[in-house]
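Since the structure comes first, as structure tokens, the remarks are kept for the end.
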Amino acid sequence: MLILGIETSCDETAAAIVRDGTHVLSSVISSQRARFENTGGVIPEDAARQQVLCMLPVLNACLAEAKTTPEDIDAIAVTKGPGLLGSLLVGTTTSRTLATLWKKPLIGVHHTLGHLSSTWLAQDDVSQPRRGIARNAPTSGSDVASPFPILTLSASGGHTDLWLRTSHTKGRLLGSTRDDAAGEAFDKGAAQLGLPYPGGPSIAKAAETGDPHAYEFPRPLHDDPSLDFSFSGLKTSLRYLLRDQQFSIFNFQFSISNIAASYQHALCAHLIDRITRALHRHPEIKEIHLVGGVSANISLREMLQKSIHEQTSKPANLPVRQAGQQTALRWPSKLIYCTDNAAMIAAAGEFLVQEHGGKAYEQFETTASLPLAMAVS
Ligand code: KG4
Ligand code: ZN
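Residue numbering for the sequence shown follows our numbering, starting at -19 and increasing by one per position.
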């Protein structure tokens, strides 16, 4: 199918045209990031007003870039929630209007399902390798085709979830954050360090010249057997660290870079700790996917790659997995598919139709708060 995707859940206005859930013909994103750099976060009313101004130019650019006319499009997929209600309504109202005018079916997509679908985008783009490390050794015919079960860490500014997926839209939640989301921990940490919003890229940049082992942070939920996450303790530790540094007479080693690098390292180590535990408990996992804004973090990718490599080259650590067999590690093929975009919404729309047929076109409400209810199989 050729699907027009529309995403307006926060401060990005995005439209994309995607064929078969993988081939991106165009993906246009108008970001308000610069507008909120110094406000410490997004101002919802302001974001919604900008969505109204950007929606039609973004749509026109998207159709022109894909050299597509409305007649070519098979369906429209739009983010129905969760997100900022005012922003969401701009996308859903536009989509409903276009669906009526152009006589196209409309698919309401959960924002997180969009992120979960983002690792399928542009898979033919050989300049951006899809796989972090070696492929699973193919065994039988059906095994070669299916990458499932997949362990997916979906970490953004609004959620941090660990999923065990048996298909694109089926699976179960293994763990979730008990307080802040991982992206939120980056954003709040950056605000404390005086770095601009969004905090993820700011901290990553400041950390480039820093020592990740300069400061020690606690290991959240270390003795907790669940696969949940918690970030508020790290944020509080950062606050105390900054306060103590400020008043210490020995603060000649004080460096924002060192603190940023150590804080980033602690956040990533916590995410990786949960992934590793899940891998031990579920040896059937074939692939690990990182998605959501935080998956753009290069240190996270490198640390995870190293950790997986160490474990799979020591099979004793993972008794059921065979010696030499490596777990494929993937993240979106381009950085723009990690953060909010409409191509992932179009891909999710395609997978919903593939797996649920006509049910994918059912009526939906636009909702600010919406838990992702995956079909469990
Ligand atoms: O998925 P996303 O674009 O929007 C939400 O659905 O929330 O994620 C945005 C979040 C922000 O909190 C931002 O700080 C974080 O992703 N982020 C990063 C990086 N780029 C964006 N976090 C860590 N490292 C990055 N390079
Ligand atoms: Zn998102």
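All C-beta atoms in this analysis are idealised placements derived from N, C-alpha and C, irrespective of residue type, glycine included.
beta-carbon residue i near the ligand ZN non-hydrogen atom, thresh 7 angstroms
| i | result |
| --- | --- |
| histidine 91 | yes |
| histidine 95 | yes |
| aspartate 203 | no |
| aspartate 320 | yes |
| glycine 273 | yes |
| serine 156 | no |
| serine 349 | no |
| serine 313 | no |
| serine 136 | yes |
Residue i, DSSP secondary structure in three states
| i | result |
| --- | --- |
| serine 10 | strand |
| histidine 41 | A small correction: the amino acid at residue 41 is alanine; histidine does not occupy that position in the sequence shown. Helix at alanine 41. |
| alanine 135 | strand |
| serine 156 | strand |
| tryptophan 100 | helix |
| proline 299 | Low confidence applies here, because proline 299 scores a pLDDT of 41, under 50, leaving its location unreliable and the question unanswered by this model. |
| serine 122 | With a pLDDT of 43 at serine 122, under the threshold of 50, the modelled position of that residue is not reliable, and the figure given next carries that caveat. Helix at serine 122. |
| glycine 337 | helix |
| histidine 269 | strand |
| leucine 86 | strand |
| glycine 71 | helix |
| aspartate 26 | helix |
| valine -2 | strand |
| lysine 47 | coil |
| glycine 20 | coil |
| glycine 418 | A query on residue 418 cannot be resolved here, the shown segment of the chain reaching from -19 to 357 and no further. |
| glutamine 108 | Low confidence applies here, because glutamine 108 scores a pLDDT of 39, under 50, leaving its location unreliable; read the following figure in that light. In the structure shown, glutamine 108 sits in coil (DSSP, three-state: anything other than H, G, I, E or B). |
| glutamate 196 | coil |
C-beta contact flag for residue i and residue j at 8 angstroms
| i | j | result |
| --- | --- | --- |
| alanine 348 | proline 62 | yes |
| serine 235 | glycine 190 | yes |
| leucine -16 | alanine 340 | no |
| leucine 64 | alanine 27 | yes |
| alanine -5 | valine 22 | no |
| alanine 46 | serine 6 | yes |
| leucine 96 | tryptophan 143 | yes |
| proline 178 | aspartate 160 | no |
| alanine 276 | glycine 180 | yes |
| threonine 140 | alanine 170 | no |
| serine 313 | alanine 102 | yes |
| glycine 1 | tryptophan 82 | no |
| aspartate 208 | threonine 149 | no |
| alanine 241 | proline 205 | no |
| proline 127 | glutamate 335 | no |
| serine 147 | threonine 59 | no |
| glutamine 131 | leucine 259 | The question names glutamine, but residue 131 in the sequence shown is leucine. Yes, the Cβ-Cβ distance between leucine 131 and leucine 259 is below 8 angstroms. |
Residue i: CB within 7 angstroms of a non-hydrogen atom of the ligand KG4
| i | result |
| --- | --- |
| phenylalanine 166 | yes |
| proline 181 | yes |
| asparagine 40 | no |
| cysteine -10 | yes |
| proline 178 | yes |
| glycine 66 | no |
Endpoints, alpha helix (DSSP H) assigned at residue i
| i | result |
| --- | --- |
| leucine 173 | 162 to 173 |
| lysine 60 | Careful: lysine 60 lies outside any alpha helix (DSSP H), inside the beta strand (DSSP E) at 55 to 61. |
| glycine -15 | Premise fails: glycine -15 lies in the beta strand (DSSP E), -18 to -13, not in any alpha helix (DSSP H). |
| isoleucine 316 | Per DSSP, isoleucine 316 belongs to no alpha helix (DSSP H) and is neither H nor E. |
| alanine 184 | 179 to 187 |
Residue i: first and last residue of the uninterrupted beta strand (DSSP E) it sits in
| i | result |
| --- | --- |
| threonine 359 | Residue 359 is absent from the structure shown; the chain starts at -19 and stops at 357. |
| aspartate 208 | Looking at the DSSP string, aspartate 208 is not in any beta strand (DSSP E), and its letter there is neither H nor E. |
| leucine 201 | Here leucine 201 belongs to no beta strand (DSSP E), and DSSP marks it neither H nor E. |
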